[in-house]
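Residue numbers (the numbering used here): 1 to 675. Every residue gets a Cβ at the ideal spot worked out from N, C-alpha and C, and that includes glycine. Given the structure is predicted, the values throughout are model-derived calculations rather than measurements.
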RNA sequence: GCCGGUGUAGCUCAGUGGCAGAGCAACGGUUUCGUAAACCGUAGGUCGUCGGUUCAAUCCCGACCACCGGCUCCA
């Protein structure tokens with residue numbers, strides 16, 4: 001299968017070309033399995049579920065066993081964990097302190113695996129009692145296997161699979177013989193925490209893939225190469241969209257270059273128009289706020305790890321006050337007794353108050369809440385929809401940073417809607433409709449909607465302690481989802497601390513899973529800020545708040561769009577929409593070309609002229625390389641006929657057309673945001 | 001944050017314990033051309049940073065930083 005690199009990927013192609021996260025394999029043969037549960041560990045599957053493994057998964061699972069067998073032949077002291085199939089292949093986790101795997105080991109290991117293929121060993125299933133199994137592993141020091149054994153519920157059969165000398169705790173199923181596994185390749189070495197928990201030891205994970213035959217394997221490897229070319233980091237560099245400058249600006253803080261800024265501003269324009277149509281009003285807020293803001297919102301206890309450390313300083317008058325308080329403290333001397341303690345404590349508290357602390361905002365909601373509070377509100381004002389492309393800063397762990405997809409400074413397509421409980425369902429539904437509207441514009445037809453709910457066991461720890469409100473809002477959201485016929489997966493324990501949320505997830509070219517849109521309910525924070533509106537009955541009530549960001553952040557959304565379009569943006573988004581190329585640099589020709597450029601610029605088209613002496617083939621190659629959407633080639637013939645030769649990026653020469661017609665076409669395509 | 005890898009010109013990459021290299025891009029010139037590269041020349045570097053070993057370090061050692069592949073975490 002060859003992907004036309006000039007078309008957006010469809011999701012079915014996506015599945016072919018992108019690796020998807022390892023844990024998502026679970027959903028493939030476990031209908032309705034919560035994704036989140038799988039996130040923490042490779043979830044145990046019942047034997048029935050195992051039987052659903054398809055042919056390719058069996059093959060890959062068997063390849064994993066062969067990998068482990070080969071590793072044990074080469075490093076007999078390796079401890080085994082598990083080796084499941086994944087969407088793109090398989091892996092096996094090892095604990096092997098005596099040796100660090102590196103890609104240089106791959107040829108040896110693959111050679112050993114090929115021997116096992118040649119030996120054509122049968123995969124034989126057998127059963128052991130729990131005691132027998134325990135003895136088997138403990139005598140071999142296989143401590144991870146012993147823990148895995150303990151996961152198997154009492155009463156369930158404990159099955160083993162053996163091929164040749166290799167025996168593994170395994171529910172199967174497998175292919176018949178190792179001779180069936182011929183087309184495989186080791187891909188990468190990585191580390192993984194045992195059971196995915198960062199408190200557990202780190203194991204060495206070997207990734208590989210296997211296919212039914214060599215041809216399919218080669219085909220897949222080729223597609224992987226193609227996919228790499230869509231990597232937004234690479235295209236962003238090549239097209240001059242954005243840059244990172246870790247030394248002077250800081251890691252994870254992108255600089256938007258002029259061409260990337262075009263993308264940012266086109267998206268903003270789209271959002272402004274869409275939100276205006278949906279009855280939003282726009283606001284603007286600063287990038288930081290005092291500590292009190294986040295103490296009140298409750299973010300500090302729940303979210304401080306993700307925030308940049310505070311900016312601390314003393315105002316001039318604070319410095320004076322500090323001196324006075326310190327003087328008072330020393331005047332107290334070294335006393336004792338409850339009165340002394342009380343006075344000391346009071347002064348110490350005052351002393352702490354002489355330092356002002358500001359935090360860079362990690363989210364826009366508190367600022368918007370203060371805008372709500374800035375004026376008295378009546379039920380007649382609701383729903384109030386405050387929108388802002390607000391800049392936020394989050395201190396992501398260094399290992400998490402990933403191009404534009406995961407950054408420390410980001411601008412969110414944010415809005416907060418304050419509404420009454422009666423208005424909630426229609427507001428929430430309108431947000432979902434807005435998602436779909438956007439997805440249609442970008443040709444995004446497959447994605448995963450995740451409905452994240454709270455875990456009752458973690459109320460007061462990870463989630464605000466309001467059991468009744470949690471239940472009510474979650475029921476409300478669920479009902480809206482069902483009513484609007486949206487497919488979704490429900491994910492317990494993934495909600496925001498202040499309420500349930502819906503996330504829209506997509507997969508990047510490299511197969512990483514990213515949330516690009518989010519829609520969250522907040523029943524807690526407005527109350528913490530004391531937000532109220534005067535209702536019909538003249539009583540004060542707290543509004544519900546919906547946080548929504550259908551385009552997520554500029555950074556991630558554009559990162560995603562770059563990969564989605566492979567940098568071949570539709571005309572309305574293209575950083576350079578049109579380039580006028582002259583065949584030669586004769587003065588009359590250049591004059592005609594300049595006039596055309598001026599005409600298009602007059603319509604605010606992003607157009608450049610290439611009037612130099614380079615040959616036309618060279619100019620075309622440059623324009624194609626720069627992914628210029630529309631090329632207008634002009635020679636003597638075109639000039640004389642007041643026409644242009646139209647060429648579209650990736651599509652080649654379209655033919656000669658009247659100048660006015662082409663200009664009108666271009667304007668029409670931009671205005672309608674045509675795909 | 002953790003495990004592993006990598007760091008040489010704007011980009012893609014060679015290379016060596018003893019004067020730092022290529023292609024493309026840039027710049028200067030020649031060329032006047034019909035749908036994916038005309039030709040010649042010039043310039044470009046504290047070899048990620050700091051420290052150590054050495055007569056001598058881009059190369060060997062160490063620390064740090066950044067990036068890459070994962071894990072964990074998230075928009």
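Going by CA-CA distance only, name the one from the options that's closest to residue i.
| i | options | result |
| --- | --- | --- |
| residue 153 | 138, 143, 130 | 130 |
| residue 88 | 573, 58, 69 | 58 |
| residue 454 | 432, 436, 141, 477 | 477 |
| residue 361 | 402, 416, 299 | 299 |
| residue 302 | 482, 498, 561 | 498 |
| residue 368 | 311, 534, 293, 349 | 293 |
| residue 279 | 218, 197, 418, 666 | 418 |
| residue 114 | 171, 156, 182, 82 | 182 |
| residue 73 | 413, 166, 599, 610 | 166 |
| residue 125 | 142, 143, 180, 62 | 62 |
| residue 582 | 552, 620, 117 | 620 |
Which class does residue i belong to by DSSP, given the choice of helix, strand or coil?
| i | result |
| --- | --- |
| residue 678 | For residue 678 there is no data in the structure shown, the boundaries of the chain being 1 and 675. |
| residue 116 | helix |
| residue 449 | strand |
| residue 705 | As displayed, the chain neither begins before 1 nor continues past 675, which places residue 705 out of reach and without an answer. |
| residue 401 | coil |
| residue 283 | coil |
| residue 249 | coil |
| residue 346 | helix |
| residue 385 | strand |
| residue 316 | helix |
| residue 170 | coil |
| residue 363 | coil |
| residue 670 | helix |
| residue 395 | coil |
| residue 444 | coil |
| residue 278 | coil |
| residue 263 | helix |
| residue 336 | coil |
| residue 122 | strand |
Note down the Cα distance separating residue i from residue j, rounded to an integer number of angstroms.
| i | j | result |
| --- | --- | --- |
| residue 185 | residue 652 | 38 Å |
| residue 128 | residue 365 | 57 Å |
| residue 225 | residue 235 | 14 Å |
| residue 576 | residue 263 | 10 Å |
| residue 239 | residue 627 | 8 Å |
| residue 501 | residue 492 | 11 Å |
| residue 566 | residue 260 | 14 Å |
| residue 381 | residue 269 | 26 Å |
| residue 96 | residue 105 | 14 Å |
| residue 189 | residue 507 | 22 Å |
| residue 387 | residue 570 | 26 Å |
| residue 411 | residue 400 | 18 Å |
| residue 351 | residue 339 | 18 Å |
| residue 629 | residue 546 | 38 Å |
| residue 446 | residue 470 | 29 Å |
| residue 524 | residue 535 | 19 Å |
| residue 672 | residue 297 | 41 Å |
| residue 472 | residue 465 | 14 Å |
| residue 494 | residue 249 | 33 Å |
| residue 573 | residue 432 | 24 Å |
| residue 309 | residue 595 | 55 Å |
Let me check one thing: in DSSP terms, what residues is residue i bridge-paired to?
| i | result |
| --- | --- |
| residue 256 | 242 |
| residue 159 | 127 |
| residue 191 | 204 |
| residue 390 | 412 |
| residue 85 | 90 |
| residue 358 | 290, 311 |
| residue 211 | 183 |
| residue 406 | 402 |
| residue 513 | 507 |
| residue 79 | 95 |
| residue 435 | None, per the DSSP bridge assignment. |
Would the beta-carbon of residue i be found less than 7 Å away from any heavy atom of the ligand COA?
| i | result |
| --- | --- |
| residue 68 | Inclusion of the ligand COA in the displayed structure is not the case, the ligand content being empty and no account of it being possible. |
### Task
Counting only runs of 3+ residues fully inside the region 586–658, write out the beta strand (DSSP E) ranges in chain order.
607–610, 630–634, 643–648, 652–658
### Message
Which runs of the beta strand (DSSP E) at least 3 residues long sit entirely within the region 457–503? Give them in chain order.
### Response
489–492
### Query
What are the complete beta strand (DSSP E) segments, minimum 3 residues, inside the region 526–592?
544–549, 578–582
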